[in-house]
Amino acid sequence: MNKVKKAFFCSNCGAEHSKWQGQCNSCKSWNTLVEEIIKNPNKKEWKSKNINGYSSKPIHIKNITSKTIDKISSGDKELDRVLGGGVVPGSLVLLGGEPGIGKSTLLMQVANSVNGKVVYVSGEESEQQIKLRSERVNKYESDCYLLSETNTQTLLTHLDNLNPSLVIIDSIQTLYSSLIDSSSGSVGQIRTCTAELIHYAKQTHTPIFIVGHITKDGSIAGPKVLEHMVDTVLNFEGDRNHLHRILRVHKNRFGTTSELGIYEMNQSGLKAVKNPSSFLISKYVSDLSGHSICATIEGIRPMLIEVQALVSSAVYGTPQRSSTGFENKRLNMLLAILEKRAGFQLGAKDVFLNLAGGIRLDDPGIDLAVIVAILSSSLDISVPRGYIFAAEIGLSGELRNVPKIEQRIQEASKQGFEKMVVAKTVKPVTNKIQLVQLSSVKELVQHLF
Ligand code: TYD
Ligand code: MG
């Protein structure tokens, strides 16, 4: 009988098992067995035959003419920019994010504004629910079909008949393929369904957006291989209690991964934020201690953000060091530098650090602003108005220059700042803002406090 043959493989060591079990016999790790198809009779097997019988041929790289790919606009400028100029035909874009962050809303907006036929496949909501959301976010009705379907074979048949120019899958965890038995959302199912979607996308040159659920630790639920298979991985993040949402790229085969999209969730869906600096710095804080403003850069986009710190005497034996949006290890390092190089004894203090607006950044250029905010809070002296900071701090307490300093200076002067504290080696680019060039944390303390 023609039957699909399956086996269970350990995702850790690769050992094969005939049936599912909790622990791998070989490497003894738990919950690592994944169902996989080892023989599919519907698929043709490889047999050695005359090479001319095959349609694919190896081509010398010199003989391939490079075509510029025409990227399709998603109708959302922010998303287009994050994707590297638009959606590439035949590509798979995975959009991950916590529940309620706005993944379905964003993709509904795309479905409503893209030029051409769109199929929105939902395994989570009924057609009525999607229609309600669609009315909420956009009055304009495009050529959009809604499909409540979870079986990939049926789904692909529908897609074949409709021949859309964009497909949206909400979400990959609800799909199941009849090829394997495990329940939808399991690792094997996710992998098989994605493989089927990739096959469809590459054959028909239809771009597909896939929504992926996120697990408790923030990674996309399912196998890591899912992220390897797709062309682009986007992450929609932000605090559900804040209005702002940040669209980040983790992988992009057609553009950079350093782009960032910022949206605001309001009554009628998501709106792109044109000038992020204005929401990331509040206007009335400059007289309080523990605040500083930093000129940072994400991708090619300069932004000004506010760093807030609170230093207080520790109530418990071990002082707490906690930071939101900034790496904790780096905070500990900066505190050690302050102690060793500038003589501030913060060992017995609690230190809390926050980057305003629920944003998370890895830019080393924030270091200086972090140190200033901590010192300001510790001494209870506010940072003078009009000051902005951008420099990395080295282990010996020296100020170092950071990449794209010219853009940071331009953005700071555009937003009306008067003095920018930078490393000694920075050259002025405009006379609208005064540069304060310092070489060490010690000089900084003398200059500011
Ligand atoms: P949704 O797109 O359903 O999130 P996800 O698919 O990521 O789980 O959006 C969820 C939240 O967005 C919902 O709790 C309410 C909010 N929202 C608005 O504030 N305004 C709107 O216009 C819409 C459609 C949603
Ligand atoms: Mg949803």
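For the sequence shown, this note's numbering assigns the number 156 to the initial residue and increments by one for each residue that follows.
Note that the Cβ used here is the ideal one computed from N, Cα and C, for glycine as well.
Own chain partners of residue i with C-beta closer than 6 angstroms, once the 5 adjacent residues on each side are dropped
| i | result |
| --- | --- |
| Phe-163 | His-172, Trp-175, Leu-188 and Glu-190 |
| Val-366 | Leu-250, Lys-258, Asp-325 and Ser-326 |
| Leu-599 | Leu-593 |
| Leu-398 | Glu-419 and Met-420 |
| Lys-587 | Ser-568 |
| Gln-344 | Tyr-331 and Ser-337 |
| Asp-225 | none |
| Lys-222 | none |
| Glu-612 | A question about residue 612 goes unanswered here, because the residues of the chain that appear run from 156 up to 604. |
Cut-off 8 angstroms between Cβ atoms - residues of its own chain near residue i, not counting five sequence neighbours on either side
| i | result |
| --- | --- |
| Gly-271 | Ile-227, Asp-298, Pro-319, Ser-320 and Leu-321 |
| Ala-469 | Gln-475, Ala-503, Lys-504 and Asp-505 |
| Glu-494 | Gln-500, Leu-501 and Gly-502 |
| Glu-382 | Leu-249, Ile-375, Val-388, His-405 and Lys-406 |
| Ser-184 | Cys-165, Asn-167, Cys-168 and Gln-178 |
The ligand TYD heavy atom lying under 8 angstroms from the CB of residue i
| i | result |
| --- | --- |
| Gly-252 | yes |
| Gln-422 | yes |
| Lys-292 | According to the sequence displayed, residue 292 carries Val and not Lys. Yes - the ligand TYD has a heavy atom lying nearer than 8 angstroms to the Cβ of Val-292. |
| Gln-345 | A small fix is needed here, since residue 345 is Ile in this sequence, not Gln. Ile-345: no, Cβ never under 8 angstroms from the ligand TYD. |
| Met-488 | no |
| Gly-255 | yes |
| Phe-163 | no |
| Arg-288 | yes |
| Phe-103 | Since the first and last residues shown for the chain are 156 and 604, residue 103 lies out of range. |
Cβ neighbour criterion (16 or more within 10 Å) applied to residue i
| i | result |
| --- | --- |
| Ile-216 | exposed |
| Glu-290 | exposed |
| Cys-179 | buried |
| Asp-518 | buried |
| Cys-168 | exposed |
| Gln-328 | buried |
| Gly-520 | buried |
| Asn-483 | exposed |
| Lys-559 | buried |
| Thr-580 | exposed |
| Gly-552 | buried |
| Ser-433 | exposed |
| Leu-317 | exposed |
| Ala-578 | buried |
| Asp-315 | exposed |
| Asn-186 | exposed |
Residue i beta carbon near the ligand MG (any heavy atom closer than 8 angstroms)
| i | result |
| --- | --- |
| Val-100 | Since the first residue shown for the chain is 156 and the last is 604, residue 100 is missing from the structure and cannot be characterised. |
| Asp-325 | yes |
| Glu-279 | yes |
| Ser-259 | yes |
Reference residue i; option with closest CA among the options
| i | options | result |
| --- | --- | --- |
| Asn-430 | Asp-442, Val-506, Lys-406 and Pro-457 | Pro-457 |
| Leu-489 | Val-462, Ser-468, Gly-480 and Ile-526 | Ile-526 |
| Ser-595 | Gly-549, Ser-303 and Gly-245 | Gly-549 |
| Ala-546 | Val-557, Gly-240 and Lys-258 | Val-557 |
| Ala-511 | Asn-483, Ala-491 and Val-462 | Val-462 |
| Ser-444 | Val-466, Ile-436 and Ala-450 | Val-466 |
| Tyr-418 | Asp-394, His-405, Asn-407 and Lys-406 | Asp-394 |
| Val-276 | Lys-232, Val-243, Leu-330 and Thr-223 | Leu-330 |
| Ile-401 | Thr-361, Ala-427 and Ser-339 | Ala-427 |
| Gln-308 | Lys-212, Leu-554, Thr-479 and Tyr-355 | Tyr-355 |
| Ala-266 | Asn-218, Thr-223 and Ile-323 | Ile-323 |
| Val-591 | Glu-392, Met-263 and Ile-543 | Ile-543 |
| Met-384 | Val-292, Ile-363, Val-159 and Ile-529 | Ile-363 |
| Ile-193 | Arg-555, Ile-335 and Phe-481 | Ile-335 |
| Leu-261 | Pro-583, Gly-245, Lys-161 and Glu-233 | Glu-233 |
| Phe-610 | Glu-561, Ser-221, Glu-566 and Ile-529 | Outside the displayed span of the chain (156 to 604) sits residue 610, for which this structure offers no information. |
| Ala-497 | Ala-450, Ile-452, His-602 and Arg-485 | His-602 |
| His-360 | Lys-574, Pro-244 and Tyr-471 | Pro-244 |
| Ile-564 | Ile-448, Gln-358, Ser-477 and Thr-479 | Ile-448 |
| Gly-480 | Ile-514, Val-274, Ser-339 and Ile-460 | Ile-514 |
| Ser-268 | Val-292, Leu-486 and Glu-561 | Val-292 |
| Thr-451 | Glu-392, Ala-524 and His-368 | Ala-524 |
| Phe-507 | Ser-478, Thr-312, Leu-415 and Ser-341 | Ser-478 |
| Val-274 | Leu-287, Gly-239, Leu-311 and Leu-238 | Leu-311 |
Own chain, CB closer than 7 angstroms to residue i, minus 5 neighbours either side, in chain order
| i | result |
| --- | --- |
| Phe-235 | Reading off the sequence shown, one finds Asp at residue 235, where the question assumed Phe. Ser-228, Ser-229 and Gly-241. |
| Asn-487 | Arg-476 |
Residue i beta carbon near the ligand HEM (any heavy atom closer than 8 angstroms)
| i | result |
| --- | --- |
| Met-263 | Among the ligands modelled here, namely the ligand TYD and the ligand MG, the ligand HEM does not occur. |
Any contact of the region 243-257 with the region 346-356, i.e. 3+ C-beta pairs under 8 angstroms? yes
Cβ contact check for the region 421-428 and the region 403-412: 3 or more pairs under 8 angstroms: No, because fewer than three Cβ pairs between the region 421-428 and the region 403-412 fall closer than 8 angstroms, the two stretches do not touch.
Inter-stretch contact at 8 angstroms, needing at least 3 Cβ pairs: the region 529-539 / the region 562-570: With a cut-off of 8 angstroms, the region 562-570 and the region 529-539 do not count as touching, because too few Cβ pairs lie within range.
Inter-stretch contact (C-beta, 8 angstroms, three-pair minimum) for the region 298-310 and the region 263-283: yes
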